[in-house]
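Asks: Quick one: structure below, then a few questions.
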Amino acid sequence: MSILLSGLYRYPIKSLRGEALDTMEVGPRGPVHDRHWMVVTPEGRFLTQRELPRMALVRPRIMETGLLLHAPGMFDLEVPADSDEVMEVQVWRDACVARVMNAAADQWLSDFLGVACRLVYLPQEQRRQVDQDYARSEDQVGFADGFPFLLISRASLDDLNRRMGLELPMERFRPNLVVEGCDAYAEDSWKRIRIGDIDFRVVKPCSRCVIPTVNPETGEREGNEPLKTLMSYRKEGNNVYFGQNLLHDAQGTLKNGMAVEILE
């Protein structure tokens, strides 16, 4: 059975709309520019679609000079990358020193989301370490919840959709890597894989929150699916799991169509 990389996704600003890529550059923190930026409260606490599903409607785009923000009913805003203002921010239990983008970005996001917020980024000189229960001391991550990569197989989503009687898109689950050519949930049994010149460690199943219930086209929650169905067959303890978190052992380039080799 030939397993191939069939989808690459990057999320420049944590919990805002992602973008599909044909080619992905992988750096020390994972996908380059993935969760490099984050929306926080004025006090520095991270904000996500868990409390603000409308965040799904904001489309950030990477530009040579910084970011371009787009959302329904709003003017497009160019946000330059240079900033000297710093603040301490919180991502779950981690405290990080981030740089604030600018007042215009803060106001634009506050107006659209309906809450006071600020846009920050994690500068290269700052290092956020991955949970050492699963990682090595050198492993790092941007503003993602915990790990630099999330992998889901197309067969797993097909099986979930069949059980629900729905056709939810892969984007609901916000993976970085999508693979095809394996059985449903085959990724649960993998320990190490190789794609191109990059080896990955499959370290932890991904516990799911309410974000997959948000329709990215409307920015609204739609009932309790897929969580209701996942709870019927993917529940362990108090959590439901879908997809696998990965750590990478090298930097390089990933392209759709690359072979996925199961090493262990």
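If you're matching positions, the sequence shown starts at 428 in the numbering used here and goes up one per residue.
All C-beta atoms, glycine included, are put in the ideal place defined by N, C-alpha and C.
Only a predicted model underlies this, so the values are computations on that prediction, with no experimental measurement involved.
1) Start and end of the beta strand (DSSP E) containing residue 588?
2) For residue 685, which residues in the same chain have their Cβ closer than 6 Å to its Cβ, ignoring the five residues on either side in sequence?
3) I think residue 670 touches residue 578, with their Cβ atoms under 8 Å apart; what is that distance to the nearest whole Å?
4) Thinking just about the alpha-carbon of each residue, which of 434, 466, 526, 626 is nearest to the one in residue 442?
5) Short check: CB of residue 550 to CB of residue 487, under 9 Å?
6) Just to confirm the assignment, what range does the alpha helix (DSSP H) spanning residue 543 have?
7) Can you name, in chain order, every residue of its own chain whose Cβ lies under 8 Å from the Cβ of residue 527, other than the five neighbours on each side?
8) With a Cβ-Cβ cutoff of 9 Å, do residue 571 and residue 462 count as a contact?
9) In or out: residue 610 buried (at least 16 other Cβ within 10 Å) or exposed?
10) Report yes if the C-beta distance between residue 625 and residue 559 is below 9 Å; otherwise report no.
11) Expressed to the nearest angstrom, what Euclidean distance is found between the alpha-carbon atoms of residue 637 and residue 600?
12) What are the start and end residues of the beta strand (DSSP E) that includes residue 693?
13) According to the neighbour-count rule (16 or more other Cβ atoms, all chains shown, within 10 Å of its Cβ), is residue 522 buried or exposed?
Replies: Taking the definition as stated:
1) First-last for residue 588: 581 to 591, but that is the alpha helix (DSSP H), not the beta strand (DSSP E).
2) 432, 622, 623
3) 6 Å
4) 466
5) no
6) Premise fails: residue 543 is in no alpha helix (DSSP H) and is neither H nor E.
7) 510, 512, 513, 514, 533, 545, 546, 547
8) yes
9) exposed
10) no
11) 10 Å
12) In the structure displayed, the chain extends from 428 to 691; residue 693 sits before or after that span and is not available.
13) exposed
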